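Working notes, beginning with the structure itself.
Residue numbers (UniProt numbering): 1 to 316.
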């Protein structure tokens, strides 16, 4: 059984956190509006989630890790969203986030964009997740709805997940247009929160839409690297990078700082309804970009199957 570690996180009030983000984001974006609102119905466009909201017992989980992918892949590292929901003490959880697809199921390496309600005693799982892989026909992005081909809830190697009961409720709404700083939207938020709360770890999850503009996105190649990837440069040369267009629906998981659990402090994947998706790096159109997001601070952190041998390569 995979080892599960658990930590209670610092949970600021929504009003306090929205004020912190408002002040911090003003230094990175031309136009910022942060407020506490009722979560919109996420079963509607553009989200099309299987639940209405992101509220109810919010928590984040860091499963596996990059050391299971590089320097050399450990293909035996496979996980299941239904199992994870039980491990994080929330059977039937609604789960968003970023991870790697199961090569055992797909037959190739690919990005995993989890959007799923785990099974419970009352009802079966609803897996609305996506995969983004390299299209063998043209080398472009092949974005597919997972349930169109597969009936399981498996993923591989690593994932950063935000989980909740999927209920409606109060959330932090962030509107940020016109990026003036160097860092991406998620890094900006994480650094703002870390600066404010210091050694008190604050975890955040939810969803945001890049409504206008374009973004730099990567997709892992279909074959794992046969030679060890030992540096960030080697990893970036192995990855396939694309510029993808809005609207992109993104699932960020971030923690302000690592309290000693060997965490990936931020990880964001995205999907779209026009066939593009993958791992978000930054927008490429800072002047015209528009972000709209809904977020909630997590109460608990779970670290599942932490790698015994670790490194910091390939974590951006």
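Every residue, glycine too, gets a C-beta built ideally from N, C-alpha and C.
Remember, predicted model here, so these are calculated numbers, not experimental data.
As assigned by DSSP and simplified to three states, the class of residue i
| i | result |
| --- | --- |
| residue 303 | strand |
| residue 235 | helix |
| residue 292 | strand |
| residue 141 | strand |
| residue 1 | coil |
| residue 257 | coil |
| residue 197 | helix |
| residue 211 | strand |
| residue 86 | helix |
| residue 69 | coil |
| residue 190 | helix |
| residue 177 | strand |
| residue 122 | coil |
| residue 150 | coil |
Whole-angstrom distance between residue j and residue i, CA atom to CA atom
| i | j | result |
| --- | --- | --- |
| residue 21 | residue 193 | 7 Å |
| residue 299 | residue 138 | 44 Å |
| residue 213 | residue 287 | 9 Å |
| residue 318 | residue 279 | In the structure as shown, the chain starts at 1 and stops at 316, and residue 318 therefore has no counterpart that could be examined. |
| residue 178 | residue 191 | 18 Å |
| residue 24 | residue 187 | 12 Å |
| residue 219 | residue 232 | 15 Å |
| residue 11 | residue 166 | 19 Å |
| residue 104 | residue 63 | 17 Å |
| residue 168 | residue 92 | 16 Å |
| residue 242 | residue 269 | 13 Å |
| residue 90 | residue 198 | 29 Å |
| residue 59 | residue 259 | 15 Å |
| residue 102 | residue 155 | 4 Å |
| residue 125 | residue 85 | 11 Å |
| residue 221 | residue 75 | 15 Å |
| residue 147 | residue 136 | 20 Å |
| residue 204 | residue 96 | 12 Å |
| residue 2 | residue 184 | 33 Å |
Residue i and residue j closer than 9 Å at C-beta
| i | j | result |
| --- | --- | --- |
| residue 302 | residue 5 | yes |
| residue 225 | residue 73 | yes |
| residue 264 | residue 306 | no |
| residue 249 | residue 47 | yes |
| residue 180 | residue 282 | no |
| residue 230 | residue 50 | no |
| residue 215 | residue 290 | no |
| residue 132 | residue 143 | yes |
| residue 110 | residue 153 | no |
| residue 41 | residue 53 | yes |
Nearest neighbour of residue i, chosen from the options [CA to CA]
| i | options | result |
| --- | --- | --- |
| residue 172 | 315, 27, 32 | 32 |
| residue 160 | 89, 206, 276 | 206 |
| residue 189 | 101, 293, 273 | 293 |
| residue 13 | 284, 101, 170, 96 | 170 |
| residue 277 | 57, 262, 251 | 251 |
| residue 228 | 97, 52, 313, 135 | 313 |
| residue 253 | 262, 246, 245, 267 | 267 |
| residue 182 | 100, 285, 304, 118 | 285 |
Legend entry - Any 3 or more C-beta pairs closer than 8 Å across the segment 35-44 and the segment 228-248: A contact is defined here as three or more CB-CB pairs under 8 Å, and the segment 35-44 fails this definition with respect to the segment 228-248.
Inset, instruction - Could you say if the segment 146-163 and the segment 72-88 meet the contact criterion of at least three C-beta pairs nearer than 8 Å? - result: yes
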